[in-house]
Amino acid sequence: MIDELASQVLDFVKAATGGAAEAEVVVERQALALTRFANSYIHQNVADTATVVRLRLHIDGRTAAGTTTLTDPGALRDLVERTVSAARLCPPDKSWPGLTPPAAALTTGTVDEAIVAATPADRAARVHDFVAAAQGLTTAGYCRTRHKRVAFANSAGQYVEGASTDVALDGIARTPSSDGVARRAGSRLSDVDGSVLGARAAAKALAAVDPVELPPGRYEVVLEPTAVHDVLRCLAVYGFNGKAVGERRSFAVVGEAQMDPSVNLVDDPVFAGAIGIPFDIEGTPKRRVEMVSGGVTTAVAHDRRTATEAGTSSTGHAAADSQSGPAPMSLRLTPSTPDGAEPPSEVDGPAADSSVAALVAGVSRGVLVTDHWYTRVLDPRTLVMTGLTRNGVWLIEDGQVVWPVRNMRFTQSYPQAMAPGAVLGIGSHAVPMPATYEDSSFIAPALRLASWNFTGGASG
Amino acid sequence: MTHFDVASAAVEAALAAGARYADARVMHRRYESMTARNGDIEELGQNESAGIGVRALVGSGWGFFAVPDLADAAARAAGEQAAAIAAASATVAGPAADLVPVPAESGSWSSECLIDPLSVALSDKGDLLVGATDEARRHGADLAEGLYQIWDTTKWFVSSEGHRIDQHIRECGAGISATVIGEGETQRRSYPSYRGQYGTRGWELVNELDLGAHAGRIADEARALLSAPLCPAGNTSLILGSEQMALQIHESVGHAIELDRILGWEAAYAGTSWLNLAELGRLRYGSDLMNIVIDPSVPGGLGSFGYDDEGTPATARYAVRNGQWVGVLAGRDSAATAGLDYAGSVRSDGWARLPMVRMTNVGLEPGPHTLEEIIASTDDGIYMDNNRSWSIDDKRLNFQFGCEIAWEVKDGKLGRMLRNPTYTGIGPVFWQSMDMLSSEIVPWGTPNCGKGQPGQVGHTGHPAAPARFTDVRVGVRG
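In the order they appear, the protein sequences are chains A and B. Under our numbering, the letters of the first sequence match residues 597 to 1056, in that order. Under our numbering, the letters of the second sequence match residues 5 to 482, in that order.
This is how it looks when you write it as structure tokens:
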């Protein structure tokens, strides 16, 4: 069906332009369901199915794009006609990079039939397990399932089709003076366990009761995977972004040793079990791309336009919002143990698991940070970010968590925090993190860093 | 079949499937945007979206289902699905849900629009952005960007209580920015704000902005910022321009007075609020100069409408009066839970999303001063404007905001330009330190307010004027 829609739109373009247009069509069909809970009950419970048809075409040297959620032939003809008209009225597009040539995708994506068939009762059951495991604490969060199918076709003969499923469970447990969080994503419904996550969130909240204020200053830190997720996202969106690099707004310089030798960053949207569609919005097949290898920046993400400007080829990172630029949204910080090693175990106390606890054990004085919140760029070139901690912070002394700490504001350059010599340890296992703002699939281990600049406590 | 018929069919189906209350919104939206970079058009997009979203209340559980299909059968199926989802909510049930009573409104409303923005020739719009970004480049910008956005939304709302409302809302706006790249940092200046100024108005709003006339100035200022001294660190008197004040209101008042946050409904994501309902009507939020009004009826405000997405007519009310907290942004269910008797602030960003508590227009009433008077009466301070970064904690207390530009103020006069200005504080402490407020109100529009899961992007308005705050920590750096 989605393949037929894509072909139909290409036919309409050909009829409307006499074959003079270069055209690409993306048809995306998504079933999204999200069960949200707060104060330990389900308060919002939503689902929708939507099909979006996106057309971009280039005619007489000019480019325009449009979308519609209406899929009857009349609506599709309207989409074609208004996009052709818009292109003809546009100023010339001098940097049009041309269409993606035919190339097969490396995979068709990962689909879990249990997610495809998931019902409101399935999501509610996982919420129930989270709430029940939280030792009577107040809980809040969500369980989300998503099934996406995408077809791409262009007038240069490229056709690819793929599908993806994902599930996310993300929740907090609360006491009057503290919150604790546990979250996880996966491509299979069985990847999330409400009981495990609910118990972990509760353990964190209970360990964070009555936090004390810590003076601002530089501290060694252990960032849990939930916080490292934010670091990876910011590095991806603002750093390893081919457009930002081309405009000299990014810190990333290919070939330079910009991070600690222990740091390896890989964008991998095509491994078995990966979340996401295995090609980008220009139809370029996605592949595994090493962004940082042994601390040396080795690549940045490109779409066809930024690749042409940089004299290279697309890495398969074109996004619908081209103004933001291509970013590696499946970034993984390689953990310290090889794939296939025994997974970490749950532990007593506030650490998320044994992988985090092992990093904490090496710290003589520092801070354990569960989560980041509301991080924003102060300067894109140095990637100085400001934000706050959230959902559990503790002081570490002599390898032990000694007491909970109130949330703190930080103002910190992320690349500088991971610079050569600054990374003291990387967790043994990486955890898939739920997408927040954009379609993403970051996979993060915990991270022990020599210095993090806390610029204010809870009192200002 | 009319769109009202489709919505009615969905509501009927939800009721037949066991809902004790249901409502449905049919929405059709056209969106157009264009971006320009360094004198070239970067992207032009024209999107069309239509569908129906149905909300059903079964027992104490809500369900919502949406489809992009306006046929009778699809609408009925959506109503049934919404009821089935609501029934599943009983697996983890909460307290009894009620809705504050509102009259069953029948009505029609349109925003005022002198020049239909979708009727303006694309070539004219392109020339505007190309010309302005070209001018900024000529003045030394390494990166000159321009943007306009247009939303044209019609919606038809029906509820099981008898609501029958249609609305046509047209919104648009535009802006330009100039970035210069230094050795170790970048500097950016924007006009009138980064990503633009917006309202529920026609293209006349964009014409009034006169983007081209400001392109050279912002590029010159961005270049000058590269060599300007750093904003000093310490505590001082802080004067904020109206654009930064709009952000200050949005983040440290608007979100804090959202009743769903206060009730804990957003605890896991957007966060809660430092406000406690037990203190409504008694708590001192700010100085006596602080009067914040929730008013979705402001002509041209980006948060304006005739009725919210639960069918409650637009009504103005105080959130903060003479410095005292007196009101919240509420919906029918959150108000009932809180024991309040008013709603009117529930909105959705499209047919596929659940309506939720959102800001409308939340802004300041004018003060007694002018910016000129504020500067003239300041012996030692800093004047900042145009937001560059914003971060605030999940209780909406601890904030740190950065601006694009600042000037020192010495002996009542503007002095040197300062780069990388930031300031930080705690909401109520900061607002209680406001000792001067200008009468020069600008109805700023924010088209990118994120909230909810799945995420929704809200359009909010913030009438704001320059103001002075005392003993504020400035110059926080990494």
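For every residue, glycine included, the Cβ atom is placed at its ideal position computed from N, Cα and C. This one's a predicted model, so the numbers in the text were calculated from it and none came from an experiment.
message: Under 7 Å, CB to CB, which of the residues in the stretch 973 to 999 of chain A have a partner in chain B?
response: Of all residues in the stretch 973 to 999 of chain A, 973, 974, 975, 976, 977, 978, 980, 982, 983, 984 and 986 have a Cβ within less than 7 Å of some Cβ in chain B.
- request: Please name the residue in B:446, B:429 and B:436 whose C-alpha comes closest to that of residue 476 of chain B.
  value: Against the second sequence, residue 476 of chain B aligns to sequence position 472. Residue 476 of chain B has its Cα closest to that of B:429, out of B:446, B:429 and B:436.
- request: Kindly list the residues whose CB is nearer than 8 Å to the CB of residue 70 of chain B, restricted to its own chain and excluding five residues on each side of it in sequence; keep chain order.
  value: Position 66 of the second sequence, counted from the start, is the residue given in the question as residue 70 of chain B. The residues are 55, 56, 57, 58, 82, 355, 356 and 357.
- prompt: Cβ atoms of residue 84 of chain B and residue 17 of chain B: under 9 Å apart, would you say?
  reply: Walking along the second sequence from the start, residue 17 of chain B turns up at place 13. Walking along the second sequence from the start, residue 84 of chain B turns up at place 80. Closer than 9 Å, so yes.
- prompt: Does the beta carbon of residue 93 of chain B come closer than 9 Å to any beta carbon on chain A?
  reply: Against the second sequence, residue 93 of chain B aligns to sequence position 89. So, interface residue.
- prompt: Does DSSP classify residue 520 of chain B as helix, strand or coil?
  reply: No answer is possible for residue 520 of chain B: the residues shown for chain B start at 5 and end at 482.
- request: Rounded to whole angstroms, what's the CA-CA distance from residue 43 of chain B to residue 124 of chain B? Just pull it up for me.
  value: The residue labelled residue 43 of chain B in the question sits at position 39 within the second sequence. The residue labelled residue 124 of chain B in the question sits at position 120 within the second sequence. Using only the alpha carbons, I get a separation of about 20 Å.
- prompt: What's the C-alpha gap between residue 47 of chain B and residue 662 of chain A?
  reply: Taking the second sequence and counting its residues from 1, the one referred to as residue 47 of chain B is at position 43. Taking the first sequence and counting its residues from 1, the one referred to as residue 662 of chain A is at position 66. Answer to the nearest angstrom: the Cα atoms are 10 Å apart.
message: Taking DSSP's pairing of strands, which residues face residue 744 of chain A in a bridge?
response: Against the first sequence, residue 744 of chain A aligns to sequence position 148. BP columns for residue 744 of chain A point to A:626 and A:760.
message: I'd like to check one pair, residue 620 of chain A with residue 655 of chain A: are the Cβ atoms closer than 9 Å?
response: Here residue 655 of chain A is taken as the residue at index 59 of the first sequence, counted from 1. Here residue 620 of chain A is taken as the residue at index 24 of the first sequence, counted from 1. In this structure, residue 620 of chain A does not lie closer than 9 Å to residue 655 of chain A by Cβ.
query: Just how far apart, CA to CA, sit residue 329 of chain B and residue 987 of chain A?
result: For the purposes of this step, residue 329 of chain B is identified with residue 325 of the second sequence, where counting begins at 1. For the purposes of this step, residue 987 of chain A is identified with residue 391 of the first sequence, where counting begins at 1. Rounded to whole angstroms, residue 329 of chain B to residue 987 of chain A spans 28 Å at the Cα level.
For residue 287 of chain B and residue 204 of chain B, the rounded distance between their alpha carbons: Numbered from its first residue, the second sequence carries residue 204 of chain B at position 200. Numbered from its first residue, the second sequence carries residue 287 of chain B at position 283. Answer to the nearest angstrom: the Cα atoms are 33 Å apart.
- request: Taking 9 Å as the cut-off, decide whether the C-beta atoms of residue 347 of chain B and residue 164 of chain B are in contact.
  value: For the purposes of this step, residue 347 of chain B is taken as residue 343 along the second sequence, with counting starting at 1. For the purposes of this step, residue 164 of chain B is taken as residue 160 along the second sequence, with counting starting at 1. No.
message: Within the continuous beta strand (DSSP E) that includes residue 211 of chain B, where are the two ends?
response: If you number the second sequence from 1, residue 211 of chain B lands on position 207. Element bounds for residue 211 of chain B: not the beta strand (DSSP E) but the alpha helix (DSSP H), 208 to 213.
query: When you compare only the Cα positions, how much space is there between residue 426 of chain B and residue 711 of chain A?
result: The sequence position of residue 426 of chain B within the second sequence is 422, counting from 1. The sequence position of residue 711 of chain A within the first sequence is 115, counting from 1. One C-alpha to the other measures close to 46 Å.
query: How big is the Cα-Cα spacing for residue 38 of chain B and residue 960 of chain A?
result: Taking the second sequence and counting its residues from 1, the one referred to as residue 38 of chain B is at position 34. Taking the first sequence and counting its residues from 1, the one referred to as residue 960 of chain A is at position 364. If I take the Cα positions, the gap works out to 54 Å.
- request: Using beta-carbon positions only, say whether residue 8 of chain B and residue 160 of chain B come within less than 9 Å of one another.
  value: Position 4 of the second sequence, counted from the first residue, corresponds to residue 8 of chain B. Position 156 of the second sequence, counted from the first residue, corresponds to residue 160 of chain B. Yes, these two residues count as a Cβ contact at 9 Å.
- request: In angstroms with no decimal places, state the Cα-to-Cα distance between residue 991 of chain A and residue 813 of chain A.
  value: Walking along the first sequence from the start, residue 991 of chain A turns up at place 395. Walking along the first sequence from the start, residue 813 of chain A turns up at place 217. Whole-angstrom Cα-Cα distance: 13 Å.
message: Just verifying my parser: in three-state terms, what is the DSSP assignment at residue 1040 of chain A?
response: Taking the first residue of the first sequence as 1, we reach residue 1040 of chain A at position 444. The answer is strand: DSSP assigns residue 1040 of chain A an E or B state.
message: DSSP three-state label for residue 695 of chain A, please.
response: Within the first sequence, residue 695 of chain A is the residue found at index 99, counting from 1. In this structure, residue 695 of chain A counts as coil in the three-state DSSP scheme.
field: Beta-carbon proximity of residue 821 of chain A to residue 1041 of chain A, cut-off 9 Å
entry: Sequence index remark: in the first sequence, residue 821 of chain A carries index 225 (1-based). Sequence index remark: in the first sequence, residue 1041 of chain A carries index 445 (1-based). Contact: yes.
Buried versus exposed, by CB contacts within 10 Å (16 or more), residue 283 of chain B: Here residue 283 of chain B corresponds to residue number 279 of the second sequence, with the count starting at 1. Counting of Cβ neighbours within 10 angstroms places residue 283 of chain B among the exposed residues, the total staying below 16.
Contacts of residue 645 of chain A in chain B (Cβ-Cβ under 7 Å): On the first sequence, position 49 is the one that residue 645 of chain A refers to. Residues of chain B passing the Cβ test: 71.
message: Closer than 9 Å between beta carbons: that is the criterion. Which residues of the stretch 242 to 274 of chain B meet it against chain A?
response: 264, 267, 268, 269, 270, 271, 272 and 273
Delimiting residues of the beta strand (DSSP E) encompassing residue 451 of chain B: Here residue 451 of chain B refers to the residue found at position 447 when the second sequence is read from its first residue. Following the DSSP letters along the chain, one finds residue 451 of chain B inside the beta strand (DSSP E) bounded by residues 446 to 455.
query: Would you report the Cα separation of residue 213 of chain B and residue 416 of chain B, rounded to the nearest angstrom?
result: As a position in the second sequence, residue 213 of chain B is number 209, starting the count at 1. As a position in the second sequence, residue 416 of chain B is number 412, starting the count at 1. Roughly 30 Å separates the two Cα atoms.
- prompt: Interface residues of chain E around residue 53 of chain B at Cβ under 9 Å?
  reply: No chain E is part of this structure, whose protein chains are labelled A and B.
- prompt: Taking the continuous alpha helix (DSSP H) assigned at residue 849 of chain A, which residues delimit it?
  reply: Within the first sequence, residue 849 of chain A is the residue found at index 253, counting from 1. Bounds of any alpha helix (DSSP H) do not take in residue 849 of chain A, whose DSSP letter is neither H nor E.
message: So the candidates are A:1008, A:938, A:878 and A:995; which of them puts its Cα closest to the Cα of residue 747 of chain A?
response: The residue labelled residue 747 of chain A in the question sits at position 151 within the first sequence. Of the listed residues, the one whose Cα sits closest to residue 747 of chain A is A:878.
- request: Compare the C-beta of residue 464 of chain B against all C-beta atoms of chain A and say whether one is closer than 9 Å.
  value: The count along the second sequence starts at 1 and reaches residue 464 of chain B at position 460. Not closer than 9 Å to any Cβ of chain A, the Cβ of residue 464 of chain B fails to qualify, so no.
message: Suppose the cutoff is 7 Å on Cβ atoms and the five residues either side in sequence are ignored; what does the same chain contact list for residue 849 of chain A look like?
response: Position 253 of the first sequence, counting from 1, holds the residue named residue 849 of chain A. Taking C-beta separations shorter than 7 Å and ignoring five residues to either side along the sequence, the partners of residue 849 of chain A in its chain run 893, following chain order.
query: Hey, does residue 65 of chain B have any beta-carbon neighbour from chain A nearer than 9 Å?
result: Here residue 65 of chain B corresponds to residue number 61 of the second sequence, with the count starting at 1. Yes, because at least one Cβ of chain A sits closer than 9 Å to the Cβ of residue 65 of chain B.
message: Quick check on residue 52 of chain B: does DSSP put it in helix, strand or coil?
response: Working through the second sequence from its first residue, we reach residue 52 of chain B at position 48. Looking at residue 52 of chain B - three-state DSSP - the assignment turns out to be strand.
message: Just checking: is the beta-carbon of residue 360 of chain B within a distance shorter than 9 Å of some beta-carbon in chain A?
response: Counting from 1 along the second sequence, the entry for residue 360 of chain B is found at position 356. Taking Cβ atoms only, chain A reaches closer than 9 Å to residue 360 of chain B, which makes this a yes.
message: Considering only heavy atoms of the ligand MG, does any lie closer than 8 Å to the CB of residue 162 of chain B?
response: With respect to the ligand MG, the structure shown offers nothing to examine, as it has no ligands at all.
- prompt: Taking Cβ positions only, does residue 690 of chain A come closer than 9 Å to chain B?
  reply: Here residue 690 of chain A is taken as the residue at index 94 of the first sequence, counted from 1. Judged by the 9 Å Cβ criterion, residue 690 of chain A is in contact with chain B.
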